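Participant: Pasting a structure here, questions to come.
In the UniProt record's numbering, the protein residues as written are 1 to 567.
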C-alpha cells in the first residue's frame, strides 16, 4: 500500500524512504516494482538497492543473485562487483570475494568510473586482511591519482620496465593512458620493434602528443609513417642523436595533421632541400621549427612557403650556405623568435665589402632575433618589439670607428641611425666591430627603462678610453677578451652595480679585481684563461661562496683573435 506521504513518488524513491525508516519488507516490495519497470542505469540502481535490502533481511542468496545480474548488465562498471564481493564477504567467502574485486579491476577501465577507486581500496583492504604478513605493494595500495603521479616522474624506458613487475602494475599502467602520451627514446639501449611501437601506442589509446626519437631506436620509414599516421593528436616531433635525416621524415610528414613543433637536433645533419620539403608539408599547422645542423644545399625560393602560422624558427647552417633572407622574411611575417646562425645572406658574386642591409622593421611580432655568424657588414633595421638580440661572431659588422678618440666617437654615434629598443633584455655583440659608444646608443632606452638584464660586449677591438653604459638592471655581463687594463675593466663593471654573473675570461684582471667583484656581490665569476690570476684569488672567491670558472690560458689565442679582427 502507498501511504499519503509517498504519493507521487517513483518506486525507487518509495523504496529509499522505507529503507531509511527501516521498513525493509516494504522497501523490498518497492525496489522489486522498480526492477520490473526500469531498464539501463535505473535498473542497475534498482537491483543494487534491492540487494542491499535483501542483505538487511538476511537473504544473502537473493542478494548475490541480484549482484550477478548487475554484473551481467553493466560489466564495465564497478557497482556490480562491489555489491557481489560484499555479499560474498558476508557469507564468509573472502577468497571468492577477492577474485570478484580483482575481476572488476580488470574489467573496469581507469578514469571511466568514479567507483573504481573504491573498488581498488576494498580490494587492497581485503587482500591485506587475508595476508597480513606480506609486504604491501605501494603502487596498488596508493590511491590511483597518487600512483599515477609517482609513475609520471619516471622516463619512458623506466615505465616500460615497470610493466614487468607484476600483474597489478601492468594492469594499472596499461589502463592509464595519460602516462603514455609522451614517447621519449633518448634512453633506449636497443632498437624498437614495430610490435613494441604498436603496444606503446595502444597504451596511449593513440593519444600520443610528443615523440622524441633517438637514432638508437632505429626507426625506419615504415615506423615513422605508422607513428604519425596513427597518432592524430601528435603535436611535437623531435629527432635526436647522430646521422643524416632525409627520407623517413619527408615520407611521414604528409600524414601529420596537428603537428605544431618539429625539431631536428644539433647532431643530426639534414640537407636544405629536406628542410624546405618539411616546412612545405607542415606550413599550415607548424608554430615551431628547429633545424640545428643544416648541411649542404641553399635555402632559396623561400617566399612561396607562406608560413604564416610559424612563431619560432631556428635554422642553423654548418657550412656557410646561402639563404634567401628577403624571401624568408616575406614567408614568415608573424615570427616572434627567429634564429639564423652560420648562413650567408649575400649572393656568391656580391663584392666582399658590399653592405647589404637587412630590414626587420616590418616584423611587428619579432621579439627574439639571433643573427650569429651571418657575415653581417651593416647593422640591420630592427622593430621596437625586440627583447633579445644576438649579433655576435660577425667580425665585419662595423658600427662607429674604434680608432678615433672618444669625443669623435660620440660625434659619429650621434650621426648613426637611432635605435629605439626599449624592451631589449639581452644584447650580444661579441666578436664584432661595434664601438662601445654605439653599444650605449643601442641599449640606452632599455637600460633607462630597467629592462636590460644581459649584456655581452667582449671580443671587440676597442680602446681603453671607452666609457661603458650604466645599467642597474643588468645581472649577466660578459667582457670576455677585451684588451683593457685591469683598472678599466673594474671601472666598466662598476657601471653595472647589480651584476651577478660576470665573464672576464681572457683579460688582464688580477686578484685585486677579483676581490672587488666579490665585494660587489658577484655570485658567478668566469676567469678562464686569465694569465695574471693566482690560485689564492680563486680560493678567496670560492671561500666567499662565489662559483668560479677557471682553466689555464691557451697560447696564442689572443694573437689569433687580433689578427682576425684586423682583416
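Where is the CB? At the ideal position from N, CA and C, for every residue including glycine.
As the structure is a prediction and not an experimental result, all values here were calculated from the model.
Of the residues 290, 305, 476, which one's Cα is nearest the Cα of residue 277?
Facilitator: Position 277 of the chain shown, counting from 1, holds the residue named residue 277. Selected option, being the one with the closest Cα: 305.
Participant: Kindly give me the distance between the Cβ atoms of residue 522 and residue 538, rounded to whole angstroms, as I take these residues to be in contact under 8 Å.
Facilitator: Along the chain shown, read from residue 1 onward, the residue named residue 522 stands at position 522. Along the chain shown, read from residue 1 onward, the residue named residue 538 stands at position 538. Incorrect: roughly 13 Å between the Cβ atoms, too far for contact.
Participant: Are residue 453 and residue 485 touching if we call contact CB-CB under 7 Å?
Facilitator: On the chain shown, residue 453 is found 453 positions in, with the first residue counted as 1. On the chain shown, residue 485 is found 485 positions in, with the first residue counted as 1. Against a cut-off of 7 Å, the Cβ pair of residue 485 and residue 453 comes out as no contact.
Participant: Between which two residues does the alpha helix (DSSP H) containing residue 290 stretch?
Facilitator: One-based indexing of the chain shown puts residue 290 at position 290. No alpha helix (DSSP H) holds residue 290; the beta strand (DSSP E) holding it covers 288-294.
Participant: DSSP beta-bridge partners for residue 243?
Facilitator: As a first step, residue 243 must be located in the chain shown, where it is residue number 243. Partner(s): 268.
Participant: With residue 192 as the anchor, note down where its alpha helix (DSSP H) starts and where it stops.
Facilitator: To locate residue 192, count along the chain shown from 1; it is residue 192. Taken as a continuous stretch (DSSP letters only), residue 192 belongs to no alpha helix (DSSP H), as it is neither H nor E.
Participant: Ignore the nearest five residues each way along the sequence and tell me which others in residue 449's own chain have a CB closer than 6 Å to its CB.
Facilitator: Locating residue 449 in the chain shown gives position 449, counting from the first residue. Excluding positions up to five away in sequence, the list reads 422.
Participant: Using a Cβ-Cβ cutoff of less than 7 Å, which residues in the same chain neighbour residue 230 once the five nearest sequence positions on both sides are dropped?
Facilitator: Position 230 of the chain shown, counting from 1, holds the residue named residue 230. Here the set comprises 201, 206.
Participant: Using CA atoms only, rank isn't needed, just tell me which of 515, 431, 471, 362 is closest to residue 497.
Facilitator: The residue labelled residue 497 in the question sits at position 497 within the chain shown. Of 515, 431, 471, 362, the residue nearest in Cα terms is 471.
Participant: Within the continuous beta strand (DSSP E) that includes residue 339, where are the two ends?
Facilitator: Working through the chain shown from its first residue, we reach residue 339 at position 339. From DSSP, the beta strand (DSSP E) with residue 339 extends over 337-341.
Participant: Which residues bound the alpha helix (DSSP H) around residue 75?
Facilitator: Walking along the chain shown from the start, residue 75 turns up at place 75. Taken as a continuous stretch (DSSP letters only), residue 75 belongs to no alpha helix (DSSP H), as it is neither H nor E.
Participant: Let's see if you can read the secondary structure: which residues bound the alpha helix (DSSP H) around residue 174?
Facilitator: Within the chain shown, the letter at position 174 stands for residue 174. Where residue 174 is concerned, the enclosing alpha helix (DSSP H) stretches over 167-175.
Participant: Return the chain-ordered list of same chain residues with a C-beta closer than 7 Å to the C-beta of residue 571, the five sequence neighbours on each side being excluded.
Facilitator: Given a span of 1 to 567 for the chain in the structure shown, any question on residue 571 remains unanswerable.
Participant: Which class does residue 370 belong to by DSSP, given the choice of helix, strand or coil?
Facilitator: As a position in the chain shown, residue 370 is number 370, starting the count at 1. Residue 370 falls in the strand class under three-state DSSP.
Participant: Among 73, 284, 273, which residue has its Cα nearest to the Cα of residue 254?
Facilitator: Locating residue 254 in the chain shown gives position 254, where the first residue counts as 1. Comparing Cα-Cα distances from residue 254 to each of 73, 284, 273, the minimum goes to 284.
Participant: Could you pull out every residue in the same chain whose Cβ sits closer than 8 Å to the Cβ of residue 44, ignoring the five residues on either side in sequence?
Facilitator: What you label residue 44 is simply residue 44 of the chain shown in a count that begins at 1. For residue 44, where only same-chain residues beyond five positions count, the Cβ hits under 8 Å are 70, 73, 74, 77, 79, 80.
Participant: Ignoring anything shorter than 3 residues, give me the beta strand (DSSP E) runs that lie fully in the region 421-482, in order along the chain.
Facilitator: Correct list: 426-428, 454-456, 476-478.
Participant: Quick one, are the C-beta atoms of residue 209 and residue 194 less than 7 Å apart?
Facilitator: Position 209 of the chain shown, counting from 1, holds the residue named residue 209. Position 194 of the chain shown, counting from 1, holds the residue named residue 194. Not in contact: residue 209 and residue 194 (Cβ atoms no closer than 7 Å).
Participant: Report all residues from its chain with a CB closer than 6 Å to the CB of residue 387; omit the five preceding and five following residues, and keep chain order.
Facilitator: Here residue 387 refers to the residue found at position 387 of the chain shown. So the qualifying residues of the chain are 367, 423, 425.
Participant: Rounded to whole angstroms, how far is the Cβ of residue 505 from the Cβ of residue 526, which I believe are closer than 8 Å?
Facilitator: If you number the chain shown from 1, residue 505 lands on position 505. If you number the chain shown from 1, residue 526 lands on position 526. The Cβ separation is near 5 Å, so the contact holds.
Participant: In the DSSP assignment, the alpha helix (DSSP H) including residue 215 goes from what residue to what residue?
Facilitator: Your numbering for residue 215 matches position 215 in the chain shown. From DSSP, residue 215 is part of no alpha helix (DSSP H); its letter is neither H nor E.
Participant: Please confirm whether residue 113 and residue 156 have their CB atoms less than 7 Å apart.
Facilitator: Along the chain shown, one-based indexing puts residue 113 at 113. Along the chain shown, one-based indexing puts residue 156 at 156. No. Outside cutoff.
Participant: Roughly how many angstroms separate the alpha carbons of residue 443 and residue 334, rounded to a whole number?
Facilitator: Residue numbering aside, residue 443 sits at position 443 when the chain shown is read from its first letter. Residue numbering aside, residue 334 sits at position 334 when the chain shown is read from its first letter. Looking at the two C-alpha atoms, the distance is approximately 25 Å.
Participant: How would you label residue 551, buried or exposed, when you count the other beta carbons within 10 angstroms and need 16 or more for buried?
Facilitator: Residue 551 sits at position 551 when you count from the first residue of the chain shown. Classification of residue 551: exposed, given that the 10 Å Cβ count is below 16.
Participant: Around the Cβ of residue 440, are there at least 16 other Cβ atoms within 10 angstroms (buried) or fewer (exposed)?
Facilitator: On the chain shown, residue 440 is found 440 positions in, with the first residue counted as 1. Under this definition residue 440 is a buried residue.
Participant: Does the Cβ-Cβ distance between residue 252 and residue 224 come in under 7 Å?
Facilitator: Residue 252 sits at position 252 when you count from the first residue of the chain shown. Residue 224 sits at position 224 when you count from the first residue of the chain shown. Cβ atoms of residue 252 and residue 224: closer than 7 Å.
Participant: Got a sec? Which residues, its chain only, sit under 8 Å from residue 351 by beta carbon, not counting five neighbours each side?
Facilitator: Counting from 1 along the chain shown, the entry for residue 351 is found at position 351. For residue 351, the predicted structure reports a pLDDT of 46, less than 50, and the residue's modelled location is therefore unreliable. The matter cannot be settled from this model.
Participant: Exposed or buried, what is residue 353 when buried is set at 16 or more other beta-carbons lying within 10 Å of its beta-carbon?
Facilitator: By 1-based counting over the chain shown, the position of residue 353 is 353. Below a pLDDT of 50, predicted positions are generally treated as unreliable, and residue 353, at 45, falls in that range; no measurement from the model is reported.
Participant: Specify the secondary structure class of residue 10 as computed by DSSP and reduced to three states.
Facilitator: As a working note, residue 10 is residue 10 in the chain shown. Residue 10 falls in the coil class under three-state DSSP.
Participant: Looking at the secondary structure, which residues open and close the alpha helix (DSSP H) in which residue 125 lies?
Facilitator: Here the question's residue 125 lines up with position 125 in the chain shown. 116-130 is the extent of the alpha helix (DSSP H) around residue 125.
Participant: Alpha carbon to alpha carbon, how far is residue 428 from residue 302? Give it in angstroms, no decimals.
Facilitator: Here residue 302 corresponds to residue number 302 of the chain shown, with the count starting at 1. Here residue 428 corresponds to residue number 428 of the chain shown, with the count starting at 1. One C-alpha to the other measures close to 28 Å.
Participant: So the beta strand (DSSP E) residue 502 belongs to, where does it begin and stop?
Facilitator: Counting from 1 along the chain shown, the entry for residue 502 is found at position 502. From DSSP, the beta strand (DSSP E) with residue 502 extends over 501-503.
Participant: Can you give me the start and stop residues for the beta strand (DSSP E) that residue 310 sits inside?
Facilitator: Here residue 310 refers to the residue found at position 310 of the chain shown. Segment: none, residue 310 is in no beta strand (DSSP E) and carries neither H nor E.
Participant: Going straight from the alpha carbon of residue 84 to that of residue 32, what length do you get?
Facilitator: Residue mapping note: residue 84 aligns to position 84 of the chain shown, counting from 1. Residue mapping note: residue 32 aligns to position 32 of the chain shown, counting from 1. Using only the alpha carbons, I get a separation of about 18 Å.
Participant: Between residue 28 and the rest of its own chain, which residues show a CB-CB distance below 6 Å, the 5 nearest in sequence each way excluded?
Facilitator: For the purposes of this step, residue 28 is taken as residue 28 along the chain shown, with counting starting at 1. If we look at residue 28 and ignore the five residues flanking it on each side, its Cβ neighbours are 53.
Participant: Taking residue 400 as the reference, which of 462, 455, 447 has the closest Cα?
Facilitator: Along the chain shown, one-based indexing puts residue 400 at 400. Out of 462, 455, 447, 462 has the C-alpha closest to the C-alpha of residue 400.
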